[in-house]
Amino acid sequence: MADAPSGNADNNAAEAFLQGGSLRHAPGPYFGNYGGRWMPESLIAALDELEETFDKAKDDPEFRAQIADLNKNYSGRPSLLTEAKRFSQHAGGVRVFLKREDLNHTGSHKINNVLGQALLAKRMGKTRVIAETGAGQHGVASATAAALMGLECVVYMGAEDCRRQALNVARMELLGATVIPVTSGSQTLKDAINDALRDWVANVDNTHYLLGTAAGAHPFPAMVRYFHEVIGEEARAQILDQEGRLPDAVCACIGGGSNAIGIFHGFLDDPSVKIYGFEAGGDGVDTGRHAATITLGKPGVLHGARSYLMQDDDGQTIESHSISAGLDYPGVGPEHSYLADIGRVSYEPITDSEAMDAFRLLCRTEGIIPAIESSHALAGAIKVGQRLAAEDAAAAADKIVIVNLSGRGDKDVATAAEWFDLLDKESAESEIGKEGEQL
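Convert by adding 1 to the 1-based position in the sequence shown; the result is the number in the numbering used here.
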């Protein structure tokens with residue numbers, strides 16, 4: 002386990018930022034008072050090997066060239082930065098731009114990370130990768146990378162999430178992955194990670210755990226961020242090219258936090274840019290049915306790292322809730338906890354209802370069906386835009402807000418149809434569950 006962090010780390014980081022220091026490329030294992038490597042002894046050697054392989058690879062021009070080639074010629078990067086002109090009318094009249102990660106191959110930001118980690122697995126001589134997934138997007142991306150690189154792939158997915166995201170289960174199977182429904186606990190993302198970790202312990206010699214979020218034990222948070230930094234780097238260059246200046250605000254949804262840390266990283270060192278992460282507020286933060294980890298959580302250890310967690314009075318992790326399977330997680334990446342503590346990023350909850358309203362609004366104003374996860378960021382951007390307009394209505398049309406549209410919503414159509422009563426409830430539930438039961 003890495004040395005414990007200094008109690009003054011957060012204050013030192015905040016002071017360094019105010020004096021012109023950098024918050025980018027923090028190497029870990031700790032981010033302020035968060036992070037570390039709280040794992041069983043049987044996995045320490047594997048984590049050491051992964052850290053060493055990653056450190057060598059990112060300094061290797063050949064590896065960087067491989068990543069650049071895959072991003073361009075396989076994933077389809079750079080993803081577009083699109084102005085959402087009609088949607089903007091509902092956000093106080095500010096100019097809302099969408100970073101179109103939904104247009105990547107496999108339909109989300111997840112492909113950025115899995116291609117990099119799959120290359121690392123090959124470098125380490127691993128023949129098998131395992132992954133966890135909530136909404137199914139990381140599972141689909143992992144199965145895709147495994148098929149591309151000739152690796153065996155096993156994906157752990159909560160049984161409840163298999164039901165909610167049956168279409169993505171089918172996609173993973175078509176790509177050659179074995180999908181294992183997890184029936185323990187709340188049958189969601191947390192439980193899928195638990196079972197994936199058990200698999201890794203049992204098969205560590207030939208298996209790489211392709212973790213999908215910027216959480217977990219070191220080096221995963223820094224490594225996942227590294228592969229997603231391309232989002233923020235592109236967005237920063239694109240807005241400067243298109244508008245000649247930086248945005249006033251950047252918004253992203255946050256569960257574990259991979260898409261968010263990717264786009265945030267391009268703007269962390271720009272004090273003029275306000276940064277917002279929008280958590281899953283579920284039925285409301287006063288109901289106990291939410292996943293607003295930073296808003297209401299307390300520091301604790303989960304899945305190998307110290308970070309903010311949803312806990313009871315005895316320190317036990319409690320179940321989360323969100324209509325979005327990808328945000329239905331009671332923890333968050335340690336770098337996000339650190340950024341919250343030093344005040345660089347503001348984290349706020351968005352309810353299921355607010356997210357679904359934003360989901361439908363983008364469909365009807367821009368002809369884009371977003372993932373429900375991304376819809377939390379869209380709802381947050383509406384609030385941010387309205388605040389900017391309230392501060393100075395005359396200047397609203399000159400304000401720019403970038404939203405990371407982290408994924409597309411094909412997988413969520415049945416859920417949306419049920420939510421908006423586009424089908425009768427019995428039919429909608431049947432459509433959601435039918436494929437999952439068969440698979």
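The beta-carbon is built from N, C-alpha and C at its ideal position, and this holds for glycine as well.
Which residues in the same chain have their Cβ closer than 7 Å to the Cβ of Leu310, if we skip the five residues on either side of it in sequence? The answer, listed in chain order, is Thr294, Gly298, Lys299, Gly301, Leu303, Thr318, Pro331, Gly332.
Give the list of continuous alpha helix (DSSP H) stretches no shorter than 4 residues that lie fully inside the region 178-205.
Within the region 178-205, the complete alpha helix (DSSP H) runs of at least 4 residues fall at 190-203.
Between the region 51-63 and the region 247-267, do at least 3 Cβ pairs fall closer than 8 Å? The region 51-63, when compared against the region 247-267, does not touch it at the 8 Å Cβ threshold.
ask   = Any idea which residues DSSP pairs Arg307 with across the strands?
value = Answer is Gly36, Val302.
Original post:
Within this structure, are the beta carbons of Gly217 and Ala306 separated by less than 7 Å?
Top reply: Against a cut-off of 7 Å, the Cβ pair of Ala306 and Gly217 comes out as a contact.
#### Entry: Sequence-distant residues of the same chain with beta carbon closer than 8 Å to Gln90, five excluded per side
Listed in chain order, the non-local C-beta contacts of Gln90 below 8 Å within the same chain comprise Thr366, local neighbours out to five positions each way being set aside.
Exercise. What are the start and end residues of the alpha helix (DSSP H) that includes Glu392?
Worked result: Its alpha helix (DSSP H) spans residues 373-392.
- Message: To the nearest angstrom, how far is the alpha carbon of Glu374 from that of Asn105?
- Response: Taking the straight line joining both Cα atoms gives about 16 Å.
Check your understanding: What distance in whole Å lies between the Cβ atoms of Leu389 and Leu99, which are believed to be in contact at a cut-off of 8 Å?
Key -> In fact, because the Cβ distance is near 17 Å, the residues do not count as touching under 8 Å.
>> Mapping the DSSP letters down to three states, classify Gly8 as helix, strand or coil.
In response: The predicted model places Gly8 with a pLDDT of 44, which falls under 50 and marks its position as unreliable; any figure quoted below should be read in that light. DSSP places Gly8 in coil when its eight states are reduced to three.
(request) Run the CB neighbour count on Asn74, radius 10 Å, all protein chains shown included, and call it buried at 16 or more, exposed below. (result) Looking at its Cβ environment, which holds fewer than 16 other Cβ atoms inside 10 Å, Asn74 is exposed.
| C-beta contact flag for Ile441 and Asp200 at 7 Å | Limits of the chain in this structure are 2 at one end and 440 at the other, which puts residue 441 out of reach.
So, does the region 105-124 touch the region 259-273, judging by three or more C-beta pairs under 8 Å?
By the Cβ test, the region 105-124 is in contact with the region 259-273, since at least three Cβ pairs between them sit closer than 8 Å.
Residue of Tyr227, Arg129, Leu212, Leu198 minimising C-alpha distance to Thr179
Measuring from the Cα of Thr179, the nearest candidate turns out to be Arg129.
**Report entry** Contiguous alpha helix (DSSP H) assignments of at least 4 residues, all confined to the region 88-125
**Finding:** Every unbroken stretch of the alpha helix (DSSP H) spanning 4 or more residues and falling wholly within the region 88-125 is given here in chain order: 111-124.
Compute the distance between the beta-carbons of Thr134 and Gly126, then report whether it is under 7 Å. At a Cβ-Cβ threshold of 7 Å, Thr134 and Gly126 do not count as neighbours.
Which of helix, strand or coil does DSSP assign to Pro350? Strand at Pro350.
_Looking at the strands, I want to know which residues DSSP matches up with Met158._
For Met158, which the question treats as bridged, DSSP gives the partners Thr134, Pro182.
What is the DSSP secondary structure of Lys400, reduced to helix, strand or coil?
Looking at Lys400 - three-state DSSP - the assignment turns out to be coil, as it is neither helix nor strand.
Exercise. Could you check where the beta strand (DSSP E) with Lys284 kicks off and where it finishes?
Worked result: Checking the displayed sequence, the identity of residue 284 turns out to be Asp instead of Lys. Unbroken beta strand (DSSP E) run through Asp284: 275-285.
Take the Cβ of Ile45 as the centre, count every other Cβ of all protein chains shown within 10 Å, and call the residue buried at 16 or more, exposed below. So Ile45 counts as exposed.
Do Ala326 and Ala136 come within 7 Å of each other at the CB atom, strictly closer than that value?
Taking 7 Å as the cut-off, the beta carbon of Ala136 is found closer than this to the beta carbon of Ala326.
#### Entry: Gln239 (DSSP reduced to helix, strand or coil)
For Gln239, the three-state secondary structure derived from DSSP is helix.
**Which of helix, strand or coil DSSP assigns to Ala85** = In this structure, Ala85 counts as coil in the three-state DSSP scheme.
Looking at Val286 and Pro220, is the spacing between their C-beta atoms short of 7 Å? The Cβ atoms of Pro220 and Val286 lie no closer than 7 Å to each other.
- Query: Cβ atoms of Glu419 and Ala380: under 7 Å apart, would you say?
  - Reply: The answer is no: Cβ separation not under 7 Å.
Inset, instruction - Using beta-carbon positions only, say whether Gly283 and Asp353 come within less than 7 Å of one another. - result: Cβ atoms of Gly283 and Asp353: closer than 7 Å.
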